[in-house]
Structure formats: C-alpha cells, structure tokens
Amino acid sequence: LETEVFASYGSLLAKGGLSLGASLETRARDLCAFLEHWLDCEKPDHSLVWDLIRHELALMQLSRVTAPDPFMQKSVSHKEDRPHTATVPHVCGNIVLHAMRCDPRTVITMLRHTTPPLQTLTREDLHFCYWRPSAASDLRILRLDELGYYLLSCSDGSASAADLSRRLVGGRRVAPSLLRALADLRTVGILSFHTKQRKAAR
C-alpha cells in the first residue's frame with residue numbers, strides 16, 4: 030500500500046499548499062490523521078496499516094514523556110486499597126488506549142519474513158493500553174478486556190466507581206465485577222484510589 034498511500038497523501042498536501050510538519054512527531058500525527066479518513070478498515074490490509082500506524086504513534090508519544098504525573102505529586106488523603114462505591118480511580122502515569130483488530134506486535138514479527146505469512150493472522154477485537162508509569166520507567170503494553178478498557182478510559186481522578194457504573198449500565202448499584210476489575214488494575218499498578226468526599230450538609 031505504500032505507493033498508493035503516499036501518492037494520495039502527497040497529492041492532498043500539494044492541492045492544499047501544505048508542507049510537512051517541522052518535527053517527526055508532528056509529521057507522524059498528520060499522516061495518522063490522513064490515514065484515519067483515507068483507509069477503508071473493512072479491507073484487511075487497510076485494517077493492518079491502521080493498527081500499525083497507531084501502535085507506532087503510541088510508542089513515539091509515550092517515549093517522549095518527560096514531565097512527572099501531576100496527580101502522583103499531590104498528597105491525596107483518604108487513600109484506599111480496596112475499591113467501593115465512593116472510590117475514585119486515577120491512572121498512574123501516562124497511557125494511550127487503542128481498540129484494534131490484530132496484535133501489531135505479531136504483525137511486526139511477521140513482516141520481518143521475506144514472505145510475511147499474514148494469511149495466518151488471527152483477526153479479532155482487541156483492546157490495548159500503552160502505559161508508561163513515569164518518565165523514568167519503561168513503556169509497557171497491556172492487553173485488556175472491554176471492561177478494563179472502559180474503566181481506564183474514564184478514570185480521570187474525578188469520577189467515582191458509582192459514577193462509572195452509572196455511565197456503563199445505569200442504575201445505582203455498583204456491580205461486584207466492576208469493583209473487582211478496578212482492584213485488578215490497582216494490583217497491576219496502573220490505577221491509584223482515593224475516596225470521593227461528600228459535601229457537608231448545611
């Protein structure tokens with residue numbers, strides 16, 4: 030697809046009088062934005078390109094993280110180890126989340142072959158978290174289930190477990206499975222907990 034992609038991309042830039050970005054990261058982001066609309070992910074080859082470009086961009090983005098996580102620098106009172114309805118989860122470090130149709134690491138390994146055996150690749154709905162716990166730590170790639178993917182995407186340090194449950198399934202009762210999933214993510218180290226404080230009655 031390389032010739033077709035860059036011919037179309039070059040034509041788009043020329044028609045718009047646009048130039049490539051100044052930095053490698055900017056050029057990568059611009060290319061990814063173009064591919065998002067150009068690719069037809071119903072086509073297997075296009076779907077692989079879309080997964081691979083997002084994989085590479087996530088690695089680039091997180092490799093350039095230098096600032097500490099501001100949440101981890103704060104002194105948070107009422108820390109909790111076991112989640113309950115008022116528990117507020119927050120991601121520790123920096124993450125990028127992607128839903129994909131393949132494991133890009135497997136595709137990269139296949140592409141190193143003279144004749145890549147892509148026909149043997151398993152296509153399925155997969156959820157990945159690219160995680161760098163701190164600027165000084167190595168980047169990690171976690172494969173998640175749908176619930177874990179949802180919880181990480183919404184764990185912004187302001188929504189409680191009850192809030193997350195209402196958004197997901199409605200109702201006031203927090204399912205034990207949701208609390209277990211939060212606890213599992215806490216065990217991995219990707220989530221930190223504190224308790225949502227109730228407003229004092231007047």
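If you use our numbering, the sequence shown corresponds to residues 30 to 231, in order.
Virtual Cβ for every residue (Gly too), placed ideally from N, Cα, C.
Spatial neighbours of residue i in its chain, beta-carbon cut-off 7 Å, leaving aside the 5 residues before and after
i    : result
A230 : At A230 the pLDDT is 49, less than 50, meaning the model places this residue with poor confidence and gives no usable figure here.
D74  : L30
S76  : C70, R130
V203 : T114, A190, A191, S194
M89  : E54, A57
Backbone secondary structure at residue i - three-state DSSP
i    : result
P118 : strand
V78  : helix
A164 : coil
L220 : strand
H156 : strand
A128 : strand
Close beta carbons around residue i, own chain, < 8 Å, minus the five adjacent residues each side
i    : result
S189 : T114, A115, T116, V117, K225
P112 : P118, A190, L208, L211, A212, R215, F222
V78  : L30, V34, L64, L68
L42  : S48, L49
I219 : V120, C121, G122, I124, C158, W160, P162, L171, L181
S206 : L176
Contacting residues, own chain, Cβ-Cβ under 6 Å from residue i (five flanking each side not counted)
i   : result
V94 : N123, R161, A164
L17 : This structure leaves residue 17 out entirely; the chain is present only between 30 and 231.
S40 : none
Y38 : F63
7 Å Cβ cutoff met for residue i and residue j
i    : j    : result
D174 : M129 : no
V125 : Y179 : no
L168 : L91  : yes
S184 : V120 : yes
L47  : R56  : no
F157 : R172 : yes
R83  : H127 : yes
(message) Tell me whether the segment 147-158 and the segment 51-62 touch, counting them as touching only if at least three CB pairs, one residue from each stretch, are closer than 8 Å.
(response) no
(request) Taking only runs that begin and end inside the segment 167-213, name each unbroken alpha helix (DSSP H) of 4 or more residues, in chain order. (result) 175-183, 190-198
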